[in-house]
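Heads up, this note's numbering is the position in the sequence shown plus 1, with the first residue counted as 1.
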Amino acid sequence: GGAAGTSLAQYYASRGLSAQALATAYAGVVNTYKLNRIDFDIEGAAAADPASIALNSQALKLLQQQKPDLEIWYTLPVLPTGLTADGINVVRSALTAGVKLDGVNVMAMDYGESAAPTSGPNAKTMGAYAIAAAESTYAQMATLFSQYGQT
2 GGAAGTSLAQ
12 YYASRGLSAQ
22 ALATAYAGVV
32 NTYKLNRIDF
42 DIEGAAAADP
52 ASIALNSQAL
62 KLLQQQKPDL
72 EIWYTLPVLP
82 TGLTADGINV
92 VRSALTAGVK
102 LDGVNVMAMD
112 YGESAAPTSG
122 PNAKTMGAYA
132 IAAAESTYAQ
142 MATLFSQYGQ
152 T
């Protein structure tokens, strides 16, 4: 997974494997490491792949049915204005599938001069941009969670 890798959901989707098979693979990891929380870093090509996103959402819903106390988190790409369109689509897919998301971590980073100028009349510090990203994402998540009846 991650920005340059292939996520397990992408691998399963590209081979026509089922959501149940993916949920079983996830359950194996959860059971092996006795996890009570799992965080999916979805970025790069994985965040823009509707087939694997849908499969992942279906698998996570099945996993939660088996393990209702398991917390599910996402780590998603962000800009100072909040989640990217791809990130919003990942969250929306999960909520549509009925996944109970426990939270979203933002990938605050150096966004580059075009998205977050550090010189010139509109300059801010990267810290200020990271705070803006977190606040913007919070507002986005509040709206999305409200639309899908989650808190």
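Don't be surprised by glycine CBs; every beta carbon is placed ideally from N, CA and C.
These numbers were taken from a predicted model, which means no experiment stands behind them.
Endpoints, the alpha helix (DSSP H) within which residue i is located
| i | result |
| --- | --- |
| Glu114 | Segment: none, Glu114 is in no alpha helix (DSSP H) and carries neither H nor E. |
| Pro78 | That residue, Pro78, is in no alpha helix (DSSP H); its beta strand (DSSP E) goes 72-80. |
| Ile39 | Here Ile39 belongs to no alpha helix (DSSP H); instead the beta strand (DSSP E) covers 38-42. |
| Ser8 | Neither: Ser8 is in no alpha helix (DSSP H) and is coded neither H nor E. |
Inter-residue Cα distance where the pair is residue i and residue j
| i | j | result |
| --- | --- | --- |
| Asp70 | Asp111 | 35 Å |
| Asn37 | Val31 | 8 Å |
| Pro51 | Val91 | 8 Å |
| Thr25 | Ser120 | 50 Å |
| Met127 | Ala117 | 8 Å |
| Gln21 | Ala60 | 6 Å |
| Lys152 | Ala5 | This sequence places Thr at residue 152; Lys is not what is there. When rounded, the distance between both Cα atoms is 32 Å. |
| Thr138 | Thr97 | 19 Å |
| Ala143 | Tyr149 | 10 Å |
| Ala129 | Glu136 | 11 Å |
| Gly88 | Val100 | 15 Å |
| Ala55 | Gly104 | 18 Å |
| Gln65 | Asn123 | 45 Å |
| Ser8 | Tyr75 | 13 Å |
Among the options, the one whose alpha carbon lies nearest that of residue i
| i | options | result |
| --- | --- | --- |
| Gln141 | Leu84, Ile54, Ala10, Leu61 | Leu84 |
| Ala10 | Lys35, Asp42, Val31, Glu136 | Asp42 |
| Ala46 | Lys125, Ala22, Leu77 | Leu77 |
| Ser147 | Ala20, Leu102, Tyr34, Gly17 | Leu102 |
Proximity below 8 Å, CB of residue i to CB of residue j
| i | j | result |
| --- | --- | --- |
| Ala1 | Ser53 | What the structure shows of the chain is the stretch from 2 to 152, and residue 1 is not part of that stretch, so it cannot be assessed. |
| Ala28 | Lys62 | no |
| Ala133 | Pro81 | yes |
Range covered by the beta strand (DSSP E) that runs through residue i
| i | result |
| --- | --- |
| Asn106 | 104-108 |
Residue i beta carbon near the ligand ZN (any heavy atom closer than 7 Å)
| i | result |
| --- | --- |
| Gly113 | Inclusion of the ligand ZN in the displayed structure is not the case, the ligand content being empty and no account of it being possible. |
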